[in-house]
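Okay, structure first, notes after.
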Amino acid sequence: MPYRLYQEEKQKAVNILNDIKVKLYSRGWFPATSGNLSYKLHDDPLYFAITSSGKDKGTVTHEDVIFVDKDAKPIEKTRLKPSAETKIHSQIYQKTDAGCVIHIHTVNNNFVSQVYFEDGFVPLKNMEMIKALDIWKEDAFVKIPIIENFFDLEKLAVEAGKAVNPEVPGLLIKNHGIYAWGRNEFEAKRHIEAFEFMFEYMKDMIIFKGSKDIF
Ligand SMILES: CSC[C@@H](O)[C@@H](O)C(=O)COP(=O)(O)O
Ligand SMILES: [Zn+2]
1 MPYRLYQEEK QKAVNILNDI KVKLYSRGWF PATSGNLSYK LHDDPLYFAI
51 TSSGKDKGTV THEDVIFVDK DAKPIEKTRL KPSAETKIHS QIYQKTDAGC
101 VIHIHTVNNN FVSQVYFEDG FVPLKNMEMI KALDIWKEDA FVKIPIIENF
151 FDLEKLAVEA GKAVNPEVPG LLIKNHGIYA WGRNEFEAKR HIEAFEFMFE
201 YMKDMIIFKG SKDIF
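If you count the sequence shown from 1, position 140 lands on 140 in full-length UniProt numbering, and the numbers rise without skipping.
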């Protein structure tokens, strides 16, 4: 029997997504309608709220959020389209304990995804900010996987699902952007802010030293 979404929980998800969207837009993290974000409502079967496709993330309207199932199908009648990358969100929910997923395109995440693509991951070490990823280990060494940016979004979602590491709350797509997640909206926002801080620092140091081998 299909799970029924109550108006109250739907509104909560809409409020959460709009709140993060506006905060991150003000940092310049959703340029030119890029990026998308989602919030999980139910696990089995999987239902989540996700931003609709192609919308300006700097404005809040009643058309911003759609409710979908694990196959990216809207679970209610709507003339709107869910994000073109909805299946990537679905893969992340299925492979991790994520409750909220955020995807952004920035110059910094594009830069590191290109510079480290051949290595297959961006190496994070010797940075205090790693603790903001909930990784509290002496000499922590975190590898954020990087995948190719396949034009075919079905393939991109499958490859994203294969590359996701439940121990590391982020996945980079080369010359495209990052997906970051957390068990709730607070964690997801903290994780993406931590990644972007470290990417900016790494980019500046790589340019300053003229080599990526400093990390
Ligand atoms: C406008 S460029 C970005 C898109 O191609 C895509 O990568 C993206 O992040 C937004 O897609 P959307 O379908 O609006 O969720
Ligand atoms: Zn994107």
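Even glycine gets a Cβ: it sits at the ideal position worked out from N, Cα and C.
Note that the structure is predicted; figures quoted are calculated from it, not measured.
Which residue from the options puts its Cα closest to that of residue i?
i, options, result
"Phe150", "Thr51, Val115 and Ile173", "Ile173"
"His176", "Thr106, Arg4 and Lys40", "Thr106"
"Val38", "Met129, Phe195, Ser53 and Gly28", "Looking at the sequence itself, residue 38 is Ser, so the reference to Val does not match. For Ser38, the nearest C-alpha among the options comes from Ser53."
For residue i, which three-state DSSP category applies?
i, result
"Lys203", "helix"
"Ala49", "strand"
"Gly161", "helix"
"Asn110", "helix"
"Ile66", "strand"
"His191", "helix"
"Phe186", "helix"
"Phe197", "helix"
"Gln60", "Rather than Gln, the amino acid found at residue 60 in this sequence is Val. Looking at Val60 - three-state DSSP - the assignment turns out to be coil, as it is neither helix nor strand."
Could you name the residues of the same chain whose beta carbon sits closer than 7 angstroms to that of residue i, not counting the 5 residues immediately before and after it, in chain order?
i, result
"Phe121", "Lys143, Ile144, Pro145 and Ile146"
"Asn18", "Val60 and Asp64"
"Leu133", "Val142, Pro169, His191 and Ala194"
Going by the C-beta, is residue i closer than 6 angstroms to any heavy atom of ligand 3?
i, result
"Glu138", "With respect to small molecules bound, the structure shown includes ligand 1 and ligand 2 and not ligand 3."
Taking DSSP's pairing of strands, which residues face residue i in a bridge?
i, result
"Ser38", "Ile50 and Val101"
"Tyr179", "His103 and Leu171"
"Lys125", "Phe141"
"Ile75", "In DSSP, Ile75 forms no bridge with anything."
"Gln82", "Sequence check: residue 82 is Pro here, not Gln. Answer by DSSP bridge pairing, in chain order: Ser52."
"Ile147", "Ile173"
Short of 6 angstroms in beta carbon distance, which residues of its chain neighbour residue i, apart from the five on each side in sequence? Order them along the chain.
i, result
"Ile206", "Lys212"
"Ile192", "Ile102 and Ala180"
"Ala140", "Ile130"
"Met198", "Leu124, Met127 and Met129"
Give every residue of the same chain whose Cβ lies closer than 8 angstroms to the Cβ of residue i, excluding the five residues on either side of it in the sequence, and list them in chain order.
i, result
"Met1", "No answer about Met1 holds up, because its pLDDT of 47 lies below 50 and its placement is not dependable."
Whose beta carbon lies closer than 7 angstroms to any heavy atom of ligand 1, going through the chain in order? Ala32, Thr33, Ser34, Gly35, Asn36, Thr51, Ser53, Gly54, Lys55, Ser83, Ala84, Glu85, His103, His105, His176 and Gly177
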